[in-house]
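Quick notes on the structure that follows.
2 protein chains.
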Amino acid sequence: MPSERPPLDALTALPTPRVWSMLVTIFGDLARNPEDRIEGPTLTRLTEGMGLKPEAVRVALHRLRNDDWIASVKSGRTASHGLTPHGRRESLSASRIIYARQEELPVGWQLALLESSDADQKPSLQAEGFVQLLPRVFVGNGQARVPQGVAVFMGDTPPNWLSAQIVPADVTAEYETLLTALRQTSARVADLQPGQLRPLDVALTRCLIVHHWRRLVLRHPYLPPALTGAAWPGHLCRAEVTHLLARFQRPALHEIQGT
Amino acid sequence: MPSERPPLDALTALPTPRVWSMLVTIFGDLARNPEDRIEGPTLTRLTEGMGLKPEAVRVALHRLRNDDWIASVKSGRTASHGLTPHGRRESLSASRIIYARQEELPVGWQLALLESSDADQKPSLQAEGFVQLLPRVFVGNGQARVPQGVAVFMGDTPPNWLSAQIVPADVTAEYETLLTALRQTSARVADLQPGQLRPLDVALTRCLIVHHWRRLVLRHPYLPPALTGAAWPGHLCRAEVTHLLARFQRPALHEIQGT
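Top to bottom, those sequences are chains A and B.
At position 202 of the first sequence the residue is numbered 1005 (the working numbering), and the sequence of numbers has no breaks.
At position 204 of the second sequence the residue is numbered 1007 (the working numbering), and the sequence of numbers has no breaks.
This is the structure:
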């Protein structure tokens, strides 16, 4: 009979998530299929397990309905909630970045040089994940598409100063904090057998991991290890996330409803 | 009996050279060996053939002696002049750029990115013939040496705007003017047989060609056709200079003295 509680203190000690953002994570991770709905009581148990207040969850659900992200229906006295088509598209698009294993991501890097500092191609470069280094110089992963008229150069081994200039120090520091929490979590669950946890606790653990990772990984474009160095905390976080999500396999919704 | 005069009007129509600079060309082209001396009367005939005034030549010789570039000795009533060891070193160093055929020059190009706009490596890059494009970005030929700590990228096909940004328009315009004069000269001498000209006139023609070419080619670093385009007038000038100097082979000093 599963009865252990997951050791989540390292993850719950991280900055308290914004409630609406945490709900985006929960639905994006657990209820991404068109027919998936999470019942009110299940959502309450998940959010309470993360220390979120019921009133804050109600407000956040209201906001997400207004944003056409979540739709709620009532069946008798029980509400159930699911992603709208819009929310599902956004979730699927983000999931390609959030859940990618390092080996699925582009390798190598490139430098792009613009004709002028107000060149037309700037938005396209940024949309392709290029990071601005100088008014006319961007860097990005080696498979990013470069618009016409931009001079492009494949990167070799970069000097150390380059990664420090393209990754803001505060972003690196946030990844370091997350890395510590992920490693502590990994160490504490090392001896747990999958069956020892209730599906709801597995879901809770996954959502906390994905949430804190998602916040960071969607904020800054992906820069490959060739550019940042393989020991950059962002890459090490991705390895830990991949490892932990494989241990805490996503439960089916019916396993966590009404438990 | 050689009797033709070389058709030099296209070359003498170019901006009048500075006299001291013209003397540097004459000695650098005709009298580069340690034992080479040009006798006063020969120098007079060469400079008069270029339209230079005897008084201006005397002043320029005085200046070049003060600069430890030329040494003069008197034997009876005749002075003779030659490069000093210093003048010879400088001439030899410049000659590697002036007389190089296109196929002897580096191919390909590279971009160098500095850590900061006041990086220590800036003078080294400039000494290696890199041209500054932005405060932290230089371009140069593909074989130029790049100092430690500089990020370097091999160039591929560059966009058109790049060559316009690295070669000042006035430099290109000057090459265009020279190219016209060189091509007119080539056309006029097309039917001349080498033996039809006196050695002194061959020397005169060479020196005018080398002089106007030298002024330009030493002023701006060498940028390969991969970067500027093969049709850039600087490269076309080099081809014409190579062709003309092969037609007007350097005479031995003894052939032009006292003729």
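C-beta atoms are modelled at their ideal positions from N, C-alpha and C, and glycine is treated no differently.
Subject >> Counted within 10 angstroms of its Cβ, other Cβ atoms place V970 of chain B as buried (16 or more) or exposed >> reply: As a working mapping, residue 970 of chain B is identified with position 167 in the second sequence. Burial call: buried.
Original post:
Between the stretch 928-943 of chain B and chain A, which residues of the former have CB atoms less than 7 angstroms from a CB of the latter, in chain order?
Top reply: L937, R939, V940
Original post:
Checking contacts by CB at 8 angstroms: is S806 of chain A closer than that to chain B?
Top reply: As a position in the first sequence, residue 806 of chain A is number 3, starting the count at 1. With a pLDDT of 49 at S806 of chain A, under the threshold of 50, the predicted position of this residue should be treated as unreliable, and no value is reported.
Original post:
Closest Cβ-Cβ distance between F1076 of chain B and chain A: below 8 angstroms?
Top reply: This structure gives no information on residue 1076 of chain B, because the portion of chain B shown stretches from 804 to 1062.
Original post:
What residues in the stretch 898-913 of chain B bring their beta carbon closer than 9 angstroms to a beta carbon of chain A?
Top reply: Q913
Subject >> Reduced DSSP secondary structure (H/G/I, E/B, other) of S878 of chain B >> reply: Numbered from 1 along the second sequence, position 75 holds the residue referred to as residue 878 of chain B. If DSSP states are grouped into helix, strand and coil, S878 of chain B belongs with the strands.
**OP:** Take the Cβ of Q1069 of chain A as the centre, count every other Cβ of all protein chains shown within 10 Å, and call the residue buried at 16 or more, exposed below.
**Re:** The question about residue 1069 of chain A has no answer, for chain A in this structure spans 804 to 1062.
Original post:
Between which two residues does the alpha helix (DSSP H) carrying F830 of chain B extend?
Top reply: Sequence index remark: in the second sequence, residue 830 of chain B carries index 27 (1-based). Per DSSP, F830 of chain B belongs to the alpha helix (DSSP H) from 822-833.
**OP:** Just grab the DSSP bridge partners of N944 of chain B for me.
**Re:** One-based indexing of the second sequence puts residue 944 of chain B at position 141. Answer is B:W912, bridged to N944 of chain B.
Subject >> CB of F956 of chain A within 8 angstroms of CB of G958 of chain B, strictly >> reply: Counting from 1 along the first sequence, the entry for residue 956 of chain A is found at position 153. Counting from 1 along the second sequence, the entry for residue 958 of chain B is found at position 155. A contact, by the Cβ cut-off of 8 angstroms.
**OP:** Return no unless some Cβ of chain A is closer than 8 angstroms to the Cβ of G952 of chain B.
**Re:** On the second sequence, position 149 is the one that residue 952 of chain B refers to. Yes, G952 of chain B lies at the interface with chain A (some Cβ there is under 8 angstroms from its Cβ).
Subject >> Range of the contiguous alpha helix (DSSP H) that encloses L936 of chain B >> reply: On the second sequence, position 133 is the one that residue 936 of chain B refers to. That residue, L936 of chain B, is in no alpha helix (DSSP H); its beta strand (DSSP E) goes 934-937.
Original post:
Distance, Cα to Cα, L833 of chain A vs L1019 of chain A?
Top reply: For the purposes of this step, residue 833 of chain A is taken as residue 30 along the first sequence, with counting starting at 1. For the purposes of this step, residue 1019 of chain A is taken as residue 216 along the first sequence, with counting starting at 1. So the two alpha carbons sit approximately 20 angstroms from each other.
Subject >> Proximity test, Cβ basis, 8 angstroms: W1035 of chain B and chain A >> reply: As a working mapping, residue 1035 of chain B is identified with position 232 in the second sequence. Cβ-Cβ to chain A under 8 angstroms: no for W1035 of chain B.
**OP:** Determine whether the Cβ of W1016 of chain B lies closer than 8 angstroms to any Cβ atom of chain A.
**Re:** Locating residue 1016 of chain B in the second sequence gives position 213, where the first residue counts as 1. Cβ-Cβ to chain A under 8 angstroms: no for W1016 of chain B.
Original post:
When Cβ atoms are compared, which residues of the stretch 962-977 of chain A fall closer than 7 angstroms to chain E?
Top reply: As a matter of chain content, chain E is missing from the structure shown, whose protein chains are A and B.
Subject >> Three-state secondary structure assigned by DSSP to E842 of chain A >> reply: On the first sequence, residue 842 of chain A is found 39 positions in, with the first residue counted as 1. In this structure, E842 of chain A counts as strand in the three-state DSSP scheme.
Original post:
Under a Cβ-count criterion, where at least 16 other Cβ atoms within 10 Å of its own Cβ denotes burial, should R1017 of chain A be classed as buried or exposed?
Top reply: Here the question's residue 1017 of chain A lines up with position 214 in the first sequence. It is buried - the Cβ of R1017 of chain A has at least 16 other Cβ atoms within 10 Å.
Original post:
What three-state label does DSSP hand A1071 of chain A in the structure shown?
Top reply: Residue 1071 of chain A lies beyond the residue range present for chain A, which begins at 804 and ends at 1062; the question has no answer from this structure.
Original post:
Thinking C-beta only, is V910 of chain A closer than 8 angstroms to G1063 of chain A?
Top reply: Because chain A in this structure spans residues 804 to 1062, residue 1063 of chain A falls outside the shown range and cannot be described.
Original post:
Sorted by chain position, which residues of the same chain lie with C-beta nearer than 7 angstroms to L936 of chain B's C-beta, five sequence neighbours on each side aside?
Top reply: Here the question's residue 936 of chain B lines up with position 133 in the second sequence. For L936 of chain B, where only same-chain residues beyond five positions count, the Cβ hits under 7 angstroms are V942, Q968, I969.
Original post:
For the putative contact between L928 of chain A and P950 of chain A, defined by C-beta atoms under 8 angstroms, what is the C-beta separation to the nearest angstrom?
Top reply: The sequence position of residue 928 of chain A within the first sequence is 125, counting from 1. The sequence position of residue 950 of chain A within the first sequence is 147, counting from 1. Correct: roughly 7 angstroms between the Cβ atoms.
Original post:
Which term fits M804 of chain A, buried or exposed, when burial requires 16 or more other beta carbons within 10 angstroms of its beta carbon?
Top reply: Residue 804 of chain A sits at position 1 when you count from the first residue of the first sequence. Summary for M804 of chain A: the model assigns pLDDT 42, below 50, so the residue's position carries little reliability; its value from the coordinates is reported in the next sentence. Label assigned to M804 of chain A: exposed.
**OP:** Thinking L846 of chain B and M825 of chain B are a contact (beta carbons under 8 angstroms), I'd like their distance in whole angstroms, please.
**Re:** Counted from its first residue, the second sequence places residue 846 of chain B at position 43. Counted from its first residue, the second sequence places residue 825 of chain B at position 22. Going by Cβ atoms, the distance from L846 of chain B to M825 of chain B rounds to 11 angstroms, so no, they are not a contact pair.
**OP:** For E918 of chain A, return the contacting residues in chain B, with the cut-off set at a CB-CB distance below 9 angstroms.
**Re:** Locating residue 918 of chain A in the first sequence gives position 115, where the first residue counts as 1. P962, W964, L965, Q968, listed in chain order.
Original post:
Between the C-alpha atoms of E1036 of chain A and H1023 of chain A, what's the straight-line distance to the nearest angstrom?
Top reply: Working through the first sequence from its first residue, we reach residue 1036 of chain A at position 233. Working through the first sequence from its first residue, we reach residue 1023 of chain A at position 220. Before going further, note that residue 1036 of chain A is Pro rather than Glu in the sequence given. About 13 angstroms.
Original post:
Thinking C-beta only, is L981 of chain B closer than 8 angstroms to L817 of chain B?
Top reply: The sequence position of residue 817 of chain B within the second sequence is 14, counting from 1. The sequence position of residue 981 of chain B within the second sequence is 178, counting from 1. Yes; because the gap between Cβ atoms is below 8 angstroms, this pair is in contact.
Original post:
What residues match up with I873 of chain B in a beta bridge as DSSP calls it?
Top reply: Taking the first residue of the second sequence as 1, we reach residue 873 of chain B at position 70. B:L886.
Subject >> Simplified DSSP assignment, three categories, for L1048 of chain A >> reply: Within the first sequence, residue 1048 of chain A is the residue found at index 245, counting from 1. In this structure, L1048 of chain A counts as helix in the three-state DSSP scheme.
Original post:
Considering only residues of the same chain and omitting the five flanking positions on each side of P926 of chain B, which have a CB-CB separation below 7 angstroms?
Top reply: Stepping through the second sequence from its first residue, residue 926 of chain B is reached at position 123. Hits under 7 angstroms: none found.
Original post:
Is it buried or exposed for L1048 of chain B, if we count other Cβ within 10 angstroms and need 16 for buried?
Top reply: Taking the first residue of the second sequence as position 1, residue 1048 of chain B is located at position 245. It is buried - the Cβ of L1048 of chain B has at least 16 other Cβ atoms within 10 Å.
**OP:** Let me know if G831 of chain B comes out buried or exposed under the rule of 16 or more other beta-carbons within 10 Å of its beta-carbon.
**Re:** Here residue 831 of chain B refers to the residue found at position 28 when the second sequence is read from its first residue. With 16 or more Cβ atoms within 10 Å of its Cβ, G831 of chain B is classed as buried.
Original post:
If we call anything under 8 angstroms between Cβ atoms a contact, is L814 of chain B one with L1011 of chain B?
Top reply: As a first step, residue 814 of chain B is located in the second sequence; it is residue number 11 there, counting from the start. As a first step, residue 1011 of chain B is located in the second sequence; it is residue number 208 there, counting from the start. It is a contact, given that the beta carbons lie within the stated cut-off.
Original post:
Where does S806 of chain B land, buried or exposed, given buried means 16+ other C-beta within 10 angstroms?
Top reply: Position 3 of the second sequence, counted from the start, is the residue given in the question as residue 806 of chain B. Legend: pLDDT at S806 of chain B = 49, less than 50; position of this residue unreliable, no value from coordinates given.
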